[in-house]
Amino acid sequence: MTKPVPPQECDDMASLRAAIDLVDQALVDLLVHRAGYIDRAIELKQENGWPARIPDRVEDVVAKVRAKAEVQGLDPDLVDRLWRQLIDWSIAREARVIREED
835 MTKPVPPQEC DDMASLRAAI DLVDQALVDL LVHRAGYIDR AIELKQENGW PARIPDRVED
895 VVAKVRAKAE VQGLDPDLVD RLWRQLIDWS IAREARVIRE ED
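Last residue of the sequence shown: 936 (the working numbering), numbering continuous.
In structure tokens:
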């Protein structure tokens, strides 16, 4: 991936938008990478007889990303909402596969 220029170096909207597009592409790449770990979680949960949703783990993940957001100066409530949606999608995906293979 080409590294985007820092925001303060964007001299016009075209360069700013191009940089945002690069960041968006990187975010999608990271989400794909994360989904691979969810696929592995499905296998491990099946082997161990664990449910798709483990509430303590959900809260642990959300607490960690909220704390990271706060340190970085990003709205922790936004991050909370985004991660809960991502986690819900992941758990639904796990639940579908686990039920199909039972």
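Just so it is clear, CB atoms sit at the ideal spot from N, CA and C, and this is done for glycine as well.
These numbers were taken from a predicted model, which means no experiment stands behind them.
Exercise. Below 8 Å between beta carbons: does that hold for residue 895 and residue 917?
Worked result: Yes, they are a contact pair.
For this session: Following the continuous alpha helix (DSSP H) through residue 883, name the residue where it begins and the one where it ends.
Result: For residue 883, no alpha helix (DSSP H) segment is defined, and its DSSP state is neither H nor E.
Problem set entry | Exposure of residue 838, with buried meaning 16 or more beta-carbon neighbours within 10 Å | By the 16-neighbour rule on beta-carbons within 10 angstroms, residue 838 is buried.
For this session: Note the first and the last residue of the continuous alpha helix (DSSP H) segment covering residue 894.
Result: Looking at the DSSP string, the run of the alpha helix (DSSP H) that includes residue 894 is 889-906.
Problem set entry | Beta carbon of residue 931 nearer than 8 Å to that of residue 876 | The answer is yes: Cβ separation under 8 Å.
Exercise. How long is the line joining the alpha carbons of residue 858 and residue 878, rounded to whole angstroms?
Worked result: Roughly 30 Å separates the two Cα atoms.
Exercise. Taking the alpha-carbon positions, what's the residue 911 to residue 891 distance?
Worked result: Looking at the two C-alpha atoms, the distance is approximately 18 Å.
Problem set entry | Local Cβ density within 10 Å of residue 886, reported as buried at 16 or more and exposed below that | Counting Cβ neighbours within 10 Å, residue 886 comes out buried, since at least 16 surround it.
Exercise. If residue 933 sits next to residue 872, beta carbons under 8 Å apart, how far is it from one beta carbon to the other, in whole angstroms?
Worked result: Not a contact, Cβ separation roughly 15 Å.
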